[in-house]
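Undergrad:
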Amino acid sequence: MNERILIRPYGPGDADATIEIFLCAIRQVSSKDYLPAQIEAWAQVEDRGLWAERRISRPAWIAEIDGKPVGFSDLTSDGCLDMMFVHPEFQGLGIASRLLSRVEEEAQKLGFRRIYAEASRTARPFFERKGFRVITKQIVEKRGQSLENFLMEKLYG
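In the numbering used here, the protein residues as written are 213 to 369.
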């Protein structure tokens, strides 16, 4: 694993960096798995304040390399790994794996017996490699576009 990757708690000043990572990852990485109109509908943050509130209201983490935010993830109170995105320029370095390890550590500390995610087509192979299984395929609506994703879970103990 890359020792240059630091995982730290999300802070109030991290909203802009996480929004940039989210938008770039969808537009540049997920674009291989979804149509342009679907990407356009998905890659939007209409309320930066609400975005920041959601991240700060739950356990959330930033992955940094040399002080630069390069990825993020969070965990809801019911065990949902709600978001995990890595900036396109930093794919393949183990960042998502490190973030997932931190999420799993927190979930187990909180006594969760499972975590789940609604994984995109892009993220599904990563989660499968990490021991998640598909429960069902879903179609979600985003700004008039239908996007396929997968409800996936990983059980503990």
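A virtual CB, placed ideally from N, CA and C, is assigned to each residue, including glycine.
1. Got a sec, what are the start and stop residues for the alpha helix (DSSP H) A253 sits in?
2. In the DSSP assignment, the alpha helix (DSSP H) including D286 goes from what residue to what residue?
3. I'd like to check one pair, A275 with D286: are the Cβ atoms closer than 7 Å?
4. Check whether the region 287-298 touches the region 319-332, taking contact to mean three or more Cβ pairs, one atom from each stretch, closer than 8 Å.
5. On the DSSP bridge list, what partners appear for Q357?
6. On the DSSP letters alone, give me the boundaries of the alpha helix (DSSP H) that R260 sits inside.
7. Specify the secondary structure class of R345 as computed by DSSP and reduced to three states.
8. Report the option in W254, E317, E330 and Y222 whose CA atom is closest to the CA atom of C236.
9. How about I307 and V298: do their beta carbons lie closer than 7 Å?
10. Which value, in whole angstroms, describes the spacing of the CA atoms of K342 and G369?
11. Between the alpha carbons of L218 and I277, how many angstroms are there, rounded?
12. Compare the beta carbon distance of P300 and A229 with 7 Å and say whether it is the shorter of the two.
13. By the three-class DSSP mapping on this structure, what secondary structure does A329 have?
14. Is DSSP giving A272 helix, strand or coil here?
15. Give the straight-line distance between the Cα atoms of E265 and E232, rounded to the nearest whole angstrom.
16. With DSSP run on the structure shown, which of helix, strand or coil describes F297?
TA: Checking against the coordinates, here is how it stands:
1. P248 to W254 is the span of the alpha helix (DSSP H), which, as asked, contains A253.
2. Counting along the chain, D286 sits inside no alpha helix (DSSP H); it lies in the beta strand (DSSP E) bounded by residues K280 to D286.
3. Not a contact, by the Cβ cut-off of 7 Å.
4. They touch, by the three-pair rule.
5. K354, per the DSSP bridge assignment.
6. R260 -> alpha helix (DSSP H) spans R260 to I268.
7. Secondary structure at R345: strand, using DSSP grouped into helix, strand and coil.
8. In terms of CA proximity to C236, W254 leads the group W254, E317, E330 and Y222.
9. Closer than 7 Å, so yes.
10. Their Cα atoms are separated by approximately 16 Å.
11. A direct Cα-Cα distance of roughly 6 Å separates L218 from I277.
12. Not closer than 7 Å, so no.
13. Secondary structure at A329: strand, using DSSP grouped into helix, strand and coil.
14. DSSP places A272 in strand when its eight states are reduced to three.
15. Distance from the CA atom of E265 to the CA atom of E232, rounded to whole angstroms, is 16 Å.
16. Three-state DSSP puts F297 in a strand.
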